[in-house]
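Undergrad: Here you go, one structure.
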Amino acid sequence: MNVWEVEKILQKREHRGQMHYLIKWKNWDVNHNSWEPLRNLVSCEALLREFEEERQTLLNQFKKKTNFYPDLFDAQLFLVRAYGNINKSIIEATHDAAVALVGDVIYINIRRFLKNSTVMLEEKIKQQILFMLLIDLRRDQLESLMEWQTNMNIITKGKPTIQVENLVDLESAPQDFCYIDNYLPGEGVIIPEDPPIGCRCRRVCGTGRRPKCCFKQNNVKSLPYTPEGRICVPIGTPIYECNKSCKCKATCPNRVVQQGTKVHLCIFRTDNGRGWGVRTLCEIKKGTFVTKYVGEVITSDEADRRSRNFNLTGCTYLFDLDYDDTDGPCPYTVDAASYGNISHFFNHSCDPNLAVWAIWIDCLEPKLPSLALFAIKDIKPNEELTFDYMRENANGNNEPTNVNSRSKVPCKSGNESCPQPQTSEHLAAIEIMKLKHIVILQNKIDLVKEAQAKEQYEQILKFIQGTVAEGAPIIPISAQLKYNIEVLCEYITKKIPVPMRDFTSEPRLIVIRSFDVNKPGCEVDDLKGGVAGGSILRGVLKVGMEIEVRPGLVSKDSEGKLTCRPIFSRIVSLFAEQNELQFAVPGGLIGVGTKIEPTLCRADRLVGQILGSVGALPQIFIELEISYYLLKRLLGVRTEGDKKGARVPKLSRGEVLLVNIGSLSTGGRVLATRADLAKISLTNPVCTEIDEKIALSRRVEKHWRLIGWGQICGGQTIDPILDRK
Numbered sequence: 125m126n127v128w129e130v131e132k133i134l135q136k137r138e139h140r141g142q143m144h145y146l147i148k149w150k151n152w153d154v155n156h157n158s159w160e161p162l163r164n165l166v167s168c169e170a171l172l173r174e175f176e177e178e179r180q181t182l183l184n185q186f187k188k189k190t191n192f193y194p195d196l197f198d199a200q201l202f203l204v205r206a207y208g209n210i211n212k213s214i215i216e217a218t219h220d221a222a223v224a225l226v227g228d229v230i231y232i233n234i235r236r237f238l239k240n241s242t243v244m245l246e247e248k249i250k251q252q253i254l255f256m257l258l259i260d261l262r263r264d265q266l267e268s269l270m271e272w273q274t275n276m277n278i279i280t281k282g283k284p285t286i287q288v289e290n291l292v293d294l295e296s297a298p299q300d301f302c303y304i305d306n307y308l309p310g311e312g313v314i315i316p317e318d319p320p321i322g323c324r325c326r327r328v329c330g331t332g333r334r335p336k337c338c339f340k341q342n343n344v345k346s347l348p349y350t351p352e353g354r355i356c357v358p359i360g361t362p363i364y365e366c367n368k369s370c371k372c373k374a375t376c377p378n379r380v381v382q383q384g385t386k387v388h389l390c391i392f393r394t395d396n397g398r399g400w401g402v403r404t405l406c407e408i409k410k411g412t413f414v415t416k417y418v419g420e421v422i423t424s425d426e427a428d429r430r431s432r433n434f435n436l437t438g439c440t441y442l443f444d445l446d447y448d449d450t451d452g453p454c455p456y457t458v459d460a461a462s463y464g465n466i467s468h469f470f471n472h473s474c475d476p477n478l479a480v481w482a483i484w485i486d487c488l489e490p491k492l493p494s495l496a497l498f499a500i501k502d503i504k505p506n507e508e509l510t511f512d513y514m515r516e517n518a519n520g521n522n523e524p525t526n527v528n529s530r531s532k533v534p535c536k537s538g539n540e541s542c543p544q545p546q547t548s549e550h551l552a553a554i555e556i557m558k559l560k561h562i563v564i565l566q567n568k569i570d571l572v573k574e575a576q577a578k579e580q581y582e583q584i585l586k587f588i589q590g591t592v593a594e595g596a597p598i599i600p601i602s603a604q605l606k607y608n609i610e611v612l613c614e615y616i617t618k619k620i621p622v623p624m625r626d627f628t629s630e631p632r633l634i635v636i637r638s639f640d641v642n643k644p645g646c647e648v649d650d651l652k653g654g655v656a657g658g659s660i661l662r663g664v665l666k667v668g669m670e671i672e673v674r675p676g677l678v679s680k681d682s683e684g685k686l687t688c689r690p691i692f693s694r695i696v697s698l699f700a701e702q703n704e705l706q707f708a709v710p711g712g713l714i715g716v717g718t719k720i721e722p723t724l725c726r727a728d729r730l731v732g733q734i735l736g737s738v739g740a741l742p743q744i745f746i747e748l749e750i751s752y753y754l755l756k757r758l759l760g761v762r763t764e765g766d767k768k769g770a771r772v773p774k775l776s777r778g779e780v781l782l783v784n785i786g787s788l789s790t791g792g793r794v795l796a797t798r799a800d801l802a803k804i805s806l807t808n809p810v811c812t813e814i815d816e817k818i819a820l821s822r823r824v825e826k827h828w829r830l831i832g833w834g835q836i837c838g839g840q841t842i843d844p845i846l847d848r849k
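Here the sequence shown is numbered in the numbering used here, starting from 125 and rising by one per residue.
Next up, the structure:
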């Protein structure tokens, strides 16, 4: 009788969902080695433990020798680099990982590496370790997503049915989000649930000669829903459904939102940087109720506080319930950042398939409506559900659309038809500067089809309605192909008048670029001075003129105080495009060749400084006293879940701003505020003067966003050290 005793476990692999081990049998040669399932290895716990410990020891030896300890971030980075450009899903990536690790090849390679290390073998093992990490993380991720899916469906009870899917990256279920299916009252908020009135309909609501159903509270003549339960009133129309005080049955045709929805939805990970999204797994007809927008209901003061947190973290889902015509601040806001339902994951689109209606059911408080999302077009299976965060209704006041969201990024709705984030800021800057002559350029039309270019043109027209840019010409151009550039030049020369130029004042140029034009290795005798580029604000610059640059060289003295040494030099050349000039006047960009030490001009080091006649430049400020004006809402910020720009809170003492003065961008800390006045300490000294306008920006989701502007009223100045050596 043959005795088969396990001597050593050599390798392991997964086969048909079961783990198999390659066994070396005691007293049998290697030709009799065989793969055995785990169930056959009874009483082999010690050998299994020894096998796993040996493998882990090999891994640790390699990691220690190469100082390679990858984590989740490294796995994500590997996934993007290896598969981001070839449009592969994470399923294909994990399949590649399983193939790369078949037969325990990684441990064979590590043994070879520990005996004779090579760079190529090291990189191969590192990739295999990342594949191992990828498989482990994917397994944990799927467990997390399945648990999340189960918990949500327990709460929704199939209204709607929710599926979760991530084929893009390793993002698991959000840990800071709690799924709810109704409003959650916040501190100081009471949501009444006992309606004081209800209908007395004895027959089906909406029938009869003079129906007195709940929907009549809105002075409409018929039910807001069709017999199939689809909405049939314009966007923005307030809807009053029958409530628990009504005598009608639960099957009443005026009970749609409260009955829930039967659609089958899927939360999925988008592949274009918009985070999570939602798509339908079934056909949805136009007018069908999809879901409510729910969250924590908070007061206006609390919304302002959380809005300030948004400016620090970029995370908020604030939806103001300002659906009515009353004046004054909105008393209530829905915050779906931490508490919400599937609508939390709906993305923005300029061509949406959903829209929001205000609904009153058991809570008849005028300022506390429910928010219901209905389909505004037929939606096919697997189509993403979206709505326009910036949409306004027909009468401009009834549709509650001012929601602010987290994870804000530039609009990535896929059609790029909406104005980009910076466009809103540019328009605000035009209004601040009170510019009268405006031309709008629709650029990169060579990259889109004709139909899309026309659609974008219409979007631009809609965007500028009611603004200072309304009526301005829109010129489609392609800067790369020079298409319509001559049309633009002709319009500028013929339609925009040349402003009055000041040729008599002392010259002053604002520096927007500075260069070292010397090539590496050039001879000392061939060295040229630095070049400053910018626009002349007033006066005339001439070749040979002595000039001063302020603030100049900035440093700190022995007491830690800022000091400024203006740079004195002489103009040796003037250029406009390729034309060499003997003098230059205001208008256009001018390159000023000087005798300034080239390293002082290298890499735009003089940007923001003022160049002009010696002794005729403004004072140097280190603190500014300004009168300021803040925008009501952030401009151009779009994101997953966003609805309108976040509120712009007032300036607060100690906060850090980005201050733009001319071509200079510098940091500023608010020292004090009172009403519309503020005192700001500047990070860098600036050469400016009283009445100069400045722009104020605040840090929002890793980007500086325009929040307002100001005018200099005064401030603290420092005297420059006039050393002309």
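For every residue, glycine included, the Cβ atom is placed at its ideal position computed from N, Cα and C.
Here's a check: name, in chain order, each residue in its chain whose Cβ is nearer than 6 Å to the Cβ of Asp626, leaving out the five neighbours to either side.
TA: Your numbering for residue 626 matches position 502 in the sequence shown. Arg662, listed in sequence order.
Undergrad: At the level of alpha carbons, what is the spacing between Gly141 and Tyr417?
TA: By one-based count along the sequence shown, residue 141 stands at place 17. By one-based count along the sequence shown, residue 417 stands at place 293. The alpha-carbon atoms of Gly141 and Tyr417 are separated by roughly 42 Å.
Undergrad: Counting pairs of beta carbons, one from the region 806 to 822 and one from the region 713 to 723, are three or more of them closer than 8 Å?
TA: Touching, no.
Undergrad: Asn184 by DSSP, collapsed to three states: which one?
TA: Start at 1 with the first residue of the sequence shown, and residue 184 comes out as number 60. Correct three-state label for Asn184: helix.
Undergrad: Can you give the Cα-Cα distance for His139 and Phe392, rounded to whole angstroms?
TA: To locate residue 139, count along the sequence shown from 1; it is residue 15. To locate residue 392, count along the sequence shown from 1; it is residue 268. In a straight line, the C-alpha of His139 is about 30 Å away from that of Phe392.
Undergrad: I'd like to check one pair, Glu420 with Tyr463: are the Cβ atoms closer than 9 Å?
TA: As a working note, residue 463 is residue 339 in the sequence shown. As a working note, residue 420 is residue 296 in the sequence shown. For Tyr463 and Glu420, yes; Cβs fall inside 9 Å.
Undergrad: Can you check which of these residues, Asp475, Val480, Leu488, Leu492, is closest to Glu507 by C-alpha distance?
TA: Taking the first residue of the sequence shown as 1, we reach residue 507 at position 383. The candidate whose alpha carbon is nearest that of Glu507 is Asp475.
Undergrad: Among residues of its own chain, excluding the 5 on either side of Val357, which ones have a beta-carbon nearer than 6 Å to its beta-carbon?
TA: Mapped onto the sequence shown, residue 357 falls at position 233. Closer than 6 Å at the Cβ level, and outside the excluded window around Val357, lie Pro348.
Undergrad: Please return the same chain residues whose Cβ sits closer than 6 Å to the Cβ of Val292, not counting the five positions on each side in sequence.
TA: To locate residue 292, count along the sequence shown from 1; it is residue 168. Closer than 6 Å at the Cβ level, and outside the excluded window around Val292, lie Arg393, Asp395.
Undergrad: How do the region 633 to 651 and the region 687 to 705 stand: do at least 3 beta-carbon pairs fall below 8 Å, yes or no?
TA: The region 633 to 651 is not in contact with the region 687 to 705.
Undergrad: Which partner residues of Gly792 appear in the DSSP bridge assignment?
TA: Taking the first residue of the sequence shown as position 1, residue 792 is located at position 668. Gly792 is bridged to Leu781, Leu806.
Undergrad: Can you check whether the CB of Tyr615 is closer than 9 Å to the CB of Pro600?
TA: Indexing the sequence shown from 1 puts residue 600 at position 476. Indexing the sequence shown from 1 puts residue 615 at position 491. Cβ atoms of Pro600 and Tyr615: not closer than 9 Å.
Undergrad: If you drop the 5 nearest sequence neighbours on each side, which residues of the same chain put their C-beta closer than 7 Å to that of Ile321?
TA: The residue labelled residue 321 in the question sits at position 197 within the sequence shown. So the list reads Ser369, once near-sequence residues are dropped.
Undergrad: Alpha carbon to alpha carbon, how far is Asn808 from His827?
TA: Taking the first residue of the sequence shown as position 1, residue 808 is located at position 684. Taking the first residue of the sequence shown as position 1, residue 827 is located at position 703. Spanning the two alpha carbons is a distance of roughly 20 Å.
Undergrad: Quick one: Cα of Leu238 to Cα of His219, how far?
TA: The residue labelled residue 238 in the question sits at position 114 within the sequence shown. The residue labelled residue 219 in the question sits at position 95 within the sequence shown. So the alpha carbons of these two residues sit roughly 28 Å apart.
Undergrad: Just the C-alpha distance for Asn539 and Arg324, rounded to the nearest angstrom, thanks.
TA: Start at 1 with the first residue of the sequence shown, and residue 539 comes out as number 415. Start at 1 with the first residue of the sequence shown, and residue 324 comes out as number 200. Only weak support exists for where Asn539 lies, its pLDDT of 46 falling under 50; the coordinates are left without a value.
Undergrad: Taking the alpha helix (DSSP H) that Leu571 belongs to, which residues open and close that run?
TA: Translated into the one-based positions of the sequence shown, residue 571 becomes position 447. Run containing Leu571: none; DSSP gives neither H nor E here.
Undergrad: In chain order, what residues of the same chain lie with their CB nearer than 8 Å to the CB of Pro524, ignoring the 5 residues before and after it?
TA: If you number the sequence shown from 1, residue 524 lands on position 400. Low confidence applies here, because Pro524 scores a pLDDT of 42, under 50, leaving its location unreliable and the question unanswered by this model.
Undergrad: Mapping the DSSP letters down to three states, classify Thr457 as helix, strand or coil.
TA: In the sequence shown, counting from the first residue as 1, residue 457 sits at position 333. In this structure, Thr457 counts as strand in the three-state DSSP scheme.
Undergrad: Which residues in the same chain have their Cβ closer than 6 Å to the Cβ of Leu182, if we skip the five residues on either side of it in sequence?
TA: Position 58 of the sequence shown, counted from the start, is the residue given in the question as residue 182. These residues qualify, in order along the chain: Tyr231, Ile234.
Undergrad: Buried or exposed, going by whether 16 or more other CB atoms sit within 10 Å of the CB of Gly765?
TA: By one-based count along the sequence shown, residue 765 stands at place 641. The predicted model places Gly765 with a pLDDT of 42, which falls under 50 and marks its position as unreliable; any figure quoted below should be read in that light. Label assigned to Gly765: buried.
Undergrad: Taking 7 Å as the limit between beta carbons, can you name the residues of its chain near Glu131, skipping five residues before and five after?
TA: Numbered from 1 along the sequence shown, position 7 holds the residue referred to as residue 131. Lys148, Trp149, Lys150, listed in sequence order.
Undergrad: Hey, out of Gly732, Ser805, Ala740, whose CA is closest to Phe692's CA?
TA: Numbered from its first residue, the sequence shown carries residue 692 at position 568. Measuring from the Cα of Phe692, the nearest candidate turns out to be Ala740.
Undergrad: Find the nearest neighbour of Leu755 within the set Pro319, Glu549, Tyr145, judged by alpha-carbon distance.
TA: What you label residue 755 is simply residue 631 of the sequence shown in a count that begins at 1. When only C-alpha atoms are compared, the closest one is Glu549.
Undergrad: Just reading off the beta strand (DSSP E) that Trp272 is part of, what are its end residues?
TA: Within the sequence shown, residue 272 is the residue found at index 148, counting from 1. Segment 243 to 280 is the alpha helix (DSSP H) holding Trp272; no beta strand (DSSP E) there.
Undergrad: Which residue comes first and which comes last in the beta strand (DSSP E) that contains Phe745?
TA: Here residue 745 corresponds to residue number 621 of the sequence shown, with the count starting at 1. Taken as a continuous stretch (DSSP letters only), the beta strand (DSSP E) holding Phe745 covers 744 to 754.
Undergrad: Looking only at C-alpha atoms, which of Val794, Val414, Leu254, Leu245 sits nearest to Ile500?
TA: Indexing the sequence shown from 1 puts residue 500 at position 376. When each option's Cα is compared against that of Ile500, the closest is Val414.
Undergrad: Should Trp128 and Leu146 be called a contact, given that it needs their Cβ atoms to be closer than 9 Å?
TA: Within the sequence shown, residue 128 is the residue found at index 4, counting from 1. Within the sequence shown, residue 146 is the residue found at index 22, counting from 1. Going by C-beta atoms, Trp128 is not nearer than 9 Å to Leu146.
Undergrad: Mark Leu846 as exposed unless 16 or more other C-beta atoms lie within 10 angstroms of its C-beta, in which case mark it buried.
TA: Translated into the one-based positions of the sequence shown, residue 846 becomes position 722. Leu846 comes out exposed.
Undergrad: Check for me: the beta strand (DSSP E) holding Pro722 runs from which residue to which?
TA: Along the sequence shown, one-based indexing puts residue 722 at 598. Looking at the DSSP string, Pro722 is not in any beta strand (DSSP E); the run it does join, the alpha helix (DSSP H), is 722 to 725.
Undergrad: List the endpoints of the continuous alpha helix (DSSP H) containing Tyr145.
TA: The residue given as residue 145 occupies position 21 in the sequence shown. No alpha helix (DSSP H) contains Tyr145, which is instead part of the beta strand (DSSP E) from 142 to 149.
Undergrad: Can you find the residues in the same chain that come closer than 6 Å, C-beta to C-beta, to Tyr207, ignoring five residues on each side of it along the sequence?
TA: As a first step, residue 207 is located in the sequence shown; it is residue number 83 there, counting from the start. Around Tyr207: Ala217.
Undergrad: Given this structure, state the Cα-to-Cα distance separating Asp300 from Ser424, to the nearest angstrom.
TA: Within the sequence shown, numbered from 1, the residue matching residue 300 stands at position 176. Within the sequence shown, numbered from 1, the residue matching residue 424 stands at position 300. Their backbone Cα atoms lie some 23 Å apart in a straight line.
Undergrad: DSSP on Ser629, reduced to helix/strand/coil?
TA: On the sequence shown, position 505 is the one that residue 629 refers to. Three-state result, Ser629: coil.
Undergrad: Judging by CA-CA distance, which residue of Thr274, Lys618, Glu311 is the nearest neighbour of Tyr456?
TA: Here residue 456 refers to the residue found at position 332 of the sequence shown. Comparing Cα-Cα distances from Tyr456 to each of Thr274, Lys618, Glu311, the minimum goes to Glu311.
Undergrad: Helix, strand or coil: which one does DSSP assign to Val677?
TA: In the sequence shown, the residue the question calls residue 677 occupies position 553. First, the amino acid is wrong: residue 677 is Leu here, not Val. Strand.
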